[in-house]
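Trainee: In my numbering, the protein residues as written are 5 to 258.
Backbone N, C-alpha and C define an ideal beta-carbon position, used for all residues, glycine too.
Sharing a structure with you now.
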Ligand code: PGA
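Now the structure itself:
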């Protein structure tokens, strides 16, 4: 399967930083048929990043969330048509920081994912267990519950642009990435569930790993056929690091 590497800048980088990033990145990055690359900056930085990326082949622009309605009385929210107007082609939904700190639920995530897909955007739906749940050996139960809930109402023929990101909460921003075995085990469970939910279409859905990936550890993930790339936080803020992560990830693909 084609790999996917997505930079999640979270609440980082002003317009000048984004321009600096692209200047460095475009000098290093070699587009490959084996991988799609995306960057999800803060909403406010999308226009500058779109302008800076003009002409950089194969790099998709995305956002970190999206509302389920096209418009209306929803102060502070951003809709899929608004994001499309800015040239984005994908959105991240259900990131654990949204779930943990901003009360997002599986049902809400499902509505956001459906709106993204319905508007022709790729939707990266995030799932992952907390440290307590991991230690209590509830990983599969939690991840499968989130997966089913966050994909509720999505039909098999709507999954062409669906991507899943497995991000153990305890691995995000901690420097403690999951081991290859731990991650692979969960990816296999997710992939089985996707096949149950969507039949043959489920097997075509890319499942990314996220959580403290670096240029040094990415090979342990992409060297297994069950992991199709990464959602990258910290290591994506620096152009050289993100590029090295992509290159090493592609090299290691089994
Ligand atoms: P991290 O973040 O790479 O900094 O751990 C990943 C994410 O939150 O998507």
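Residue 240 and residue 176: beta carbons closer than 8 Å?
Mentor: As a position in the chain shown, residue 240 is number 236, starting the count at 1. As a position in the chain shown, residue 176 is number 172, starting the count at 1. Not in contact: residue 240 and residue 176 (Cβ atoms no closer than 8 Å).
Trainee: Does the beta-carbon distance from residue 129 to residue 93 come in below 8 Å?
Mentor: Position 125 of the chain shown, counting from 1, holds the residue named residue 129. Position 89 of the chain shown, counting from 1, holds the residue named residue 93. Result no, Cβ atoms of residue 129 and residue 93 do not sit closer than 8 Å.
Trainee: Can you have a look at residue 136 and say buried or exposed, based on whether 16 or more other CB atoms are within 10 angstroms of its CB?
Mentor: On the chain shown, position 132 is the one that residue 136 refers to. Per the 10 Å Cβ criterion, exposed.
Trainee: Should residue 18 and residue 233 be called a contact, given that it needs their Cβ atoms to be closer than 8 Å?
Mentor: Walking along the chain shown from the start, residue 18 turns up at place 14. Walking along the chain shown from the start, residue 233 turns up at place 229. For the 8 Å CB-CB criterion, residue 18 and residue 233 do not form a contact.
Trainee: Give a yes or no on whether the C-beta atoms belonging to residue 45 and residue 61 are separated by under 8 Å.
Mentor: Residue numbering aside, residue 45 sits at position 41 when the chain shown is read from its first letter. Residue numbering aside, residue 61 sits at position 57 when the chain shown is read from its first letter. Cβ atoms of residue 45 and residue 61: not closer than 8 Å.
Trainee: Is there at least one non-hydrogen atom of ligand 1 closer than 7 Å to the beta-carbon of residue 123?
Mentor: For the purposes of this step, residue 123 is taken as residue 119 along the chain shown, with counting starting at 1. No, the beta carbon of residue 123 sits no closer than 7 Å to any heavy atom of ligand 1.
Trainee: Taking only the alpha-carbon atoms, compute the straight-line gap between residue 50 and residue 67 and give it to the nearest angstrom.
Mentor: Indexing the chain shown from 1 puts residue 50 at position 46. Indexing the chain shown from 1 puts residue 67 at position 63. Roughly 8 Å separates the two Cα atoms.
Trainee: Starting from residue 126, follow the beta strand (DSSP E) in both directions and report where the run begins and ends.
Mentor: To locate residue 126, count along the chain shown from 1; it is residue 122. Where residue 126 is concerned, the enclosing beta strand (DSSP E) stretches over 126 to 131.
Trainee: Ignoring anything shorter than 4 residues, give me the alpha helix (DSSP H) runs that lie fully in the segment 93 to 142, in order along the chain.
Mentor: Runs found: 100 to 106, 110 to 122, 135 to 139.
Trainee: Along the chain, where does the beta strand (DSSP E) that runs through residue 39 open and close?
Mentor: Counting from 1 along the chain shown, the entry for residue 39 is found at position 35. Counting along the chain, the beta strand (DSSP E) containing residue 39 begins and ends at 39 to 44.
Trainee: At what residue ranges does the segment 153 to 183 contain a whole run of the beta strand (DSSP E), taking only runs of 3 or more?
Mentor: 166 to 170
Trainee: Tell me whether the beta-carbon of residue 148 lies closer than 8 Å to the beta-carbon of residue 193.
Mentor: Taking the first residue of the chain shown as position 1, residue 148 is located at position 144. Taking the first residue of the chain shown as position 1, residue 193 is located at position 189. Contact flag set, yes.
Trainee: Measure the C-alpha to C-alpha separation of residue 238 and residue 157 and round it to an integer number of angstroms.
Mentor: Residue mapping note: residue 238 aligns to position 234 of the chain shown, counting from 1. Residue mapping note: residue 157 aligns to position 153 of the chain shown, counting from 1. Their backbone Cα atoms lie some 33 Å apart in a straight line.
Trainee: Less than 6 Å between C-beta atoms, sequence neighbours within five positions excluded: which residues of the same chain meet that for residue 42?
Mentor: If you number the chain shown from 1, residue 42 lands on position 38. These residues qualify, in order along the chain: 10, 64, 66, 94.
Trainee: Please tell me whether, using a cut-off of 7 Å, the distance from the CB of residue 176 to the nearest non-hydrogen atom of ligand 1 is below it.
Mentor: Numbered from its first residue, the chain shown carries residue 176 at position 172. Answer for residue 176: yes, Cβ within range of ligand 1.
Trainee: Alpha carbon to alpha carbon, how far is residue 220 from residue 178? Give it in angstroms, no decimals.
Mentor: Position 174 of the chain shown, counted from the start, is the residue given in the question as residue 178. Position 216 of the chain shown, counted from the start, is the residue given in the question as residue 220. Their Cα atoms are separated by approximately 15 Å.
Trainee: Please tell me whether, using a cut-off of 7 Å, the distance from the CB of residue 144 to the nearest non-hydrogen atom of ligand 1 is below it.
Mentor: Sequence index remark: in the chain shown, residue 144 carries index 140 (1-based). False, no ligand heavy atom lies under 7 Å from that Cβ.
Trainee: Applying the criterion that 16 or more other CB atoms from any shown protein chain within 10 Å of the CB defines a buried residue, is residue 107 buried or exposed?
Mentor: As a first step, residue 107 is located in the chain shown; it is residue number 103 there, counting from the start. So residue 107 counts as exposed.
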